[in-house]
Amino acid sequence: MATATYTGTDKPNYLNWKTTVASWLLTYDHKRIGILYLVTISIFFALGGLAAAMIRMELATPKGDLLTSDVYNKMFTAHGVIMIFLFLIPSIPAVFGNFALPLMIGARDVAFPRLNLLSWYFFTAGALCVLVALFRGGIDTGWTFYTPYSSSFAKGEVSLAIVGIFLAGFASIFTGINFLVTIHKMRAPGMTWFRLPLFVWAMYATSLIQVLGTPVVAITLLLVAVERSFRIGIFDPNLGGDPILYQHLFWFYSHPAVYIMILPAMGVISEVISAFSKRRVFGYHFVAFSSLAIAIIGFLVWGHHMFSTGQSMYAGIVFSFLTWIVAIPSAIKTFNWMATIWKGRVHWETPMLYALGFMGLFVIGGLTGLHLAAMATNVHLTDTYFIVAHFHYVMVGGGIMGYLAALHFWWPKMTGRMYPEGWGKLAALLVFVGFNLTFFPQFILGYMGMPRRYHSYPEEWAVLNVLSTAGSSVLGLGYLLPLIYLTWSLKYGKVVTERNPWGARGLEWELVDTPPDPHNFERTPIVTRPAYDYNHPEEPTGFVPKPRPVVVGGKDG
Numbered sequence: 126m127a128t129a130t131y132t133g134t135d136k137p138n139y140l141n142w143k144t145t146v147a148s149w150l151l152t153y154d155h156k157r158i159g160i161l162y163l164v165t166i167s168i169f170f171a172l173g174g175l176a177a178a179m180i181r182m183e184l185a186t187p188k189g190d191l192l193t194s195d196v197y198n199k200m201f202t203a204h205g206v207i208m209i210f211l212f213l214i215p216s217i218p219a220v221f222g223n224f225a226l227p228l229m230i231g232a233r234d235v236a237f238p239r240l241n242l243l244s245w246y247f248f249t250a251g252a253l254c255v256l257v258a259l260f261r262g263g264i265d266t267g268w269t270f271y272t273p274y275s276s277s278f279a280k281g282e283v284s285l286a287i288v289g290i291f292l293a294g295f296a297s298i299f300t301g302i303n304f305l306v307t308i309h310k311m312r313a314p315g316m317t318w319f320r321l322p323l324f325v326w327a328m329y330a331t332s333l334i335q336v337l338g339t340p341v342v343a344i345t346l347l348l349v350a351v352e353r354s355f356r357i358g359i360f361d362p363n364l365g366g367d368p369i370l371y372q373h374l375f376w377f378y379s380h381p382a383v384y385i386m387i388l389p390a391m392g393v394i395s396e397v398i399s400a401f402s403k404r405r406v407f408g409y410h411f412v413a414f415s416s417l418a419i420a421i422i423g424f425l426v427w428g429h430h431m432f433s434t435g436q437s438m439y440a441g442i443v444f445s446f447l448t449w450i451v452a453i454p455s456a457i458k459t460f461n462w463m464a465t466i467w468k469g470r471v472h473w474e475t476p477m478l479y480a481l482g483f484m485g486l487f488v489i490g491g492l493t494g495l496h497l498a499a500m501a502t503n504v505h506l507t508d509t510y511f512i513v514a515h516f517h518y519v520m521v522g523g524g525i526m527g528y529l530a531a532l533h534f535w536w537p538k539m540t541g542r543m544y545p546e547g548w549g550k551l552a553a554l555l556v557f558v559g560f561n562l563t564f565f566p567q568f569i570l571g572y573m574g575m576p577r578r579y580h581s582y583p584e585e586w587a588v589l590n591v592l593s594t595a596g597s598s599v600l601g602l603g604y605l606l607p608l609i610y611l612t613w614s615l616k617y618g619k620v621v622t623e624r625n626p627w628g629a630r631g632l633e634w635e636l637v638d639t640p641p642d643p644h645n646f647e648r649t650p651i652v653t654r655p656a657y658d659y660n661h662p663e664e665p666t667g668f669v670p671k672p673r674p675v676v677v678g679g680k681d682g
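In structure tokens form, the structure reads like this:
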């Protein structure tokens, strides 16, 4: 592997100190691995977006005249599988967790660098398996792979897709283990638990879910493949199995998986709101513990996905109550963010616009979730477009808005280049407006009874579907713009040489060069101030100690 040479002020950083392809594909540097994930998941986001565009074009007319019903089934399955398993779940943890978390706690890398690289290879291998399955005839089971259809009747490469998700699940487990050990064992001196940035708290809670929950869905999907291949009765009632057992196992993971997607975004929003309000996050301890509360309670609410399966009414009451309870930590975060902004010195840069967009969309998604937590309304709304709208307000309106906020927030630190601020603000506005135009009409369609996953519908629902499709065009443009101007900025963007272009607090902004050095810090820093200490801007969060002088021929000190 060749090492680059430098002249003048061309200082080595993690991007240019080794420039061969092998130096990237065999790297142990957490920052480079984050970039590898960024490139990989961006490809899958584009593919999932193309599938979504085909779905909306199909639904622009009532008669289903663009796609056949079989192709439509494969299209919404491709959209769901790609977006959930190959984009949303790895998005913030694998990209920004990898890049920023060690910097934020004063570590020179993650605890297990080789395992970190292996996680990317597992993810890439799993994603390729899924793509082969989708292009070799496709799969039409929906992203949930409900049995017995997926295990006994579905055609296509279902087993191969399951193998791909299984491998991607291992990548998620590896990442979770790495972050847990890193946070426990590699914090800089003085970085106590209650000096940790809230993004680190969110990643800690997310890692718990990844490690405890992902094995459940991995084994569950593996059992589907076993039943499909060897006709062993596990979930198919014709073979002596129980299809409701599958739903219990699947949703035991998949509802906590919602928090794998949203908790990291909440951590990002805490960072961004504090940085652009120039205030310490209000109720820091409550926000930190609310992340853990969401992770813990999230494992207890899976039954609200199964109110219409015939489960016990008493079980339904318990799951309904717990689902209302899990909304409380999310409400704590939202109110505390609002209190942070209140009387803050707010700066309206692009990351802050995405953070505000997150708050607005997530609140709508959360409040509509309460309608689904109540059994009486859930039975009416199950399997309608109300579910689709609610899910997207949380996962897309929340998860992707948080992802875009993180991307714009850490982009100068990652690349040493600044994007055009005007285009960034325009994109944030288009995403917010386009999202509401796309998905708010679906709440009304769901309340009126339009079932999801149908490629044709009665003409009286046409106006709202046309509005939704038109909104998706605006939303698509909003997502396309960042791809264009961020790519443009890599060559033509303003060079960022200062460590802290946002005036934020934290080790990654105050002590780390832009872009960071290959090993982050010259020596392990010492933390002296709490997180987000904007009341004392003259006092740094920490410092890098100077090397002790060596006394030759005498005693040191």
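Going from the sequence shown to my numbering is simple: count from 1 and add 125.
In this text, a Cβ means the ideal position worked out from N, Cα and C, and glycines have one as well.
Are there 16 or more other CB atoms within 10 angstroms of the CB of Phe278, so buried, or fewer, so exposed? Translated into positions along the sequence shown, residue 278 becomes position 153. Phe278 comes out exposed.
My output table needs one value for Phe260: the three-state DSSP class, helix, strand or coil. Start at 1 with the first residue of the sequence shown, and residue 260 comes out as number 135. Reduced to three states, the DSSP call for Phe260 is helix.
Bridge-paired residues (DSSP) for Asp265: If you number the sequence shown from 1, residue 265 lands on position 140. Per DSSP, none; premise fails for Asp265.
Let me know the secondary structure DSSP gives Phe407 once reduced to three states. Position 282 of the sequence shown holds residue 407. Coil, per DSSP.
Taking C-alpha atoms, which residue in Phe375, Thr649, Asp190 lies nearest to Met311? Stepping through the sequence shown from its first residue, residue 311 is reached at position 186. Measuring from the Cα of Met311, the nearest candidate turns out to be Thr649.
For Met208 and Gly251, which I take to be in contact (beta-carbon distance under 8 angstroms), what is that distance rounded to the nearest angstrom? As a working note, residue 208 is residue 83 in the sequence shown. As a working note, residue 251 is residue 126 in the sequence shown. The pair is not a contact, with the Cβ atoms about 15 angstroms apart (cut-off 8 angstroms).
Does Thr622 come out as helix, strand or coil in the three-state DSSP assignment? In the sequence shown, the residue the question calls residue 622 occupies position 497. It is coil, neither helix nor strand.
Alpha-carbon spacing of Ile166 relative to Tyr479, whole angstroms: Residue 166 sits at position 41 when you count from the first residue of the sequence shown. Residue 479 sits at position 354 when you count from the first residue of the sequence shown. When rounded, the distance between both Cα atoms is 20 angstroms.
Alpha carbon to alpha carbon, what distance is there between Ala413 and Trp326? Indexing the sequence shown from 1 puts residue 326 at position 201. Indexing the sequence shown from 1 puts residue 413 at position 288. Roughly 6 angstroms between the two C-alpha positions.
Distance CB(Pro187)-CB(Ser581) smaller than 8 angstroms: As a working mapping, residue 187 is identified with position 62 in the sequence shown. As a working mapping, residue 581 is identified with position 456 in the sequence shown. Going by C-beta atoms, Pro187 is nearer than 8 angstroms to Ser581.
Taking the alpha-carbon of Ile466 as reference, which of Gly205, Lys403, Phe516 has the nearest alpha-carbon? As a working note, residue 466 is residue 341 in the sequence shown. Out of Gly205, Lys403, Phe516, Lys403 has the C-alpha closest to the C-alpha of Ile466.
According to DSSP, Val708 sits in a beta bridge with which residue or residues? Since the displayed the chain opens at 126 and closes at 682, residue 708 lies outside it and no answer follows.
Integer-rounded CB distance, given that Leu305 should sit under 8 angstroms from Ser395: Here residue 395 is taken as the residue at index 270 of the sequence shown, counted from 1. Here residue 305 is taken as the residue at index 180 of the sequence shown, counted from 1. With 8 angstroms as the limit, Ser395 and Leu305 do not qualify as a contact, their Cβ atoms being about 20 angstroms apart.
Going by C-alpha to C-alpha distance, which of Arg624, Asn645, Gly596, Glu663 sits closest to Thr653? Reading the sequence shown from its first residue, position 528 is the one you call residue 653. Measuring from the Cα of Thr653, the nearest candidate turns out to be Glu663.
Pull the bridge partners of Asp642 from the DSSP assignment, please. Residue numbering aside, residue 642 sits at position 517 when the sequence shown is read from its first letter. BP columns for Asp642 point to Asn645.
If I follow the unbroken alpha helix (DSSP H) through Leu632, where does it start and stop? For this step, residue 632 is matched to residue 507 along the sequence shown. Where Leu632 is concerned, the enclosing alpha helix (DSSP H) stretches over 632 to 635.
Can you give me the start and stop residues for the alpha helix (DSSP H) that Asp195 sits inside? Residue numbering aside, residue 195 sits at position 70 when the sequence shown is read from its first letter. It spans 194 to 208 - the alpha helix (DSSP H) in which Asp195 sits, taken as one unbroken run.
Quick one, which of Ala176, Pro215, Ile180 has its alpha-carbon nearest Tyr528's? Against the sequence shown, residue 528 aligns to sequence position 403. That would be Pro215, whose Cα lies nearest to the Cα of Tyr528.
So who's on the other strand from Arg542, going by DSSP bridges? Taking the sequence shown and counting its residues from 1, the one referred to as residue 542 is at position 417. Arg542 pairs with Val620.
For Pro389 versus Gly423, is the C-beta spacing smaller than 8 angstroms? Your numbering for residue 389 matches position 264 in the sequence shown. Your numbering for residue 423 matches position 298 in the sequence shown. For Pro389 and Gly423, no; Cβs fall outside 8 angstroms.
Can you give the Cα-Cα distance for Leu161 and Ser244, rounded to whole angstroms? The residue given as residue 161 occupies position 36 in the sequence shown. The residue given as residue 244 occupies position 119 in the sequence shown. C-alpha separation (whole angstroms): 11 angstroms.
Using 10 angstroms around the beta-carbon of Glu633, count the other beta-carbons present and answer buried if the total reaches 16, otherwise exposed. The sequence position of residue 633 within the sequence shown is 508, counting from 1. Looking at its Cβ environment, which holds 16 or more other Cβ atoms inside 10 Å, Glu633 is buried.
With distances taken Cα to Cα, identify the nearest neighbour of Asp508 among Leu570, Gly667, Leu447. To locate residue 508, count along the sequence shown from 1; it is residue 383. Checked all of Leu570, Gly667, Leu447; the closest Cα to Asp508 is Leu570.
Taking DSSP as the reference, what is the three-state secondary structure of Pro215? Residue numbering aside, residue 215 sits at position 90 when the sequence shown is read from its first letter. Pro215: helix per DSSP, three-state reduction.
Considering only residues of the region 516 to 568, which uninterrupted alpha helix (DSSP H) runs meet the minimum length of 4 residues and lie entirely inside it, listed in chain order? 526 to 540
Inter-residue Cα distance where the pair is Ile489 and Ser597: Reading the sequence shown from its first residue, position 364 is the one you call residue 489. Reading the sequence shown from its first residue, position 472 is the one you call residue 597. Approximately 18 angstroms, taken between the alpha carbons.
Using three-state DSSP, classify Thr145 as helix, strand or coil. Position 20 of the sequence shown, counted from the start, is the residue given in the question as residue 145. Reduced to three states, the DSSP call for Thr145 is coil.
Classify Leu194 as buried or exposed, calling it buried when 16 or more other Cβ atoms lie within 10 Å of its own Cβ. As a first step, residue 194 must be located in the sequence shown, where it is residue number 69. One point to set straight first is that residue 194 is Ser, not Leu, in the sequence displayed. Flag for Ser194 reads exposed.
What separation, rounded to the nearest whole angstrom, lies between the Cα atoms of Pro218 and Phe224? Counting from one through the sequence shown, the residue named residue 218 turns up at place 93. Counting from one through the sequence shown, the residue named residue 224 turns up at place 99. Answer to the nearest angstrom: the Cα atoms are 9 angstroms apart.
What's the call for Ser354, buried or exposed, on a 16-neighbour Cβ count within 10 Å? If you number the sequence shown from 1, residue 354 lands on position 229. So Ser354 ends up on the exposed side.
Sequence-distant residues of the same chain with beta carbon closer than 8 angstroms to Tyr139, five excluded per side: Translated into the one-based positions of the sequence shown, residue 139 becomes position 14. Correct list, in chain order: Asp154, Lys156, Arg157, Pro640, Pro641, Asp642, Pro643.
In angstroms, rounded to a whole number, what distance separates the CA positions of Val196 and Leu636? For the purposes of this step, residue 196 is identified with residue 71 of the sequence shown, where counting begins at 1. For the purposes of this step, residue 636 is identified with residue 511 of the sequence shown, where counting begins at 1. Rounded to the nearest angstrom, the two C-alpha atoms are 53 angstroms apart.
May I ask you to list the residues that DSSP assigns as paired with Thr152? As a working mapping, residue 152 is identified with position 27 in the sequence shown. In DSSP, Thr152 forms no bridge with anything.
Could you tell me if Trp473 is buried or exposed, where buried requires 16 or more neighbouring beta carbons within 10 angstroms of its beta carbon? Here residue 473 refers to the residue found at position 348 of the sequence shown. Flag for Trp473 reads exposed.
CB-CB length for Gly294 against Ala258, believed under 8 angstroms: Your numbering for residue 294 matches position 169 in the sequence shown. Your numbering for residue 258 matches position 133 in the sequence shown. Actually they do not touch by this definition, with Cβ atoms about 16 angstroms apart.
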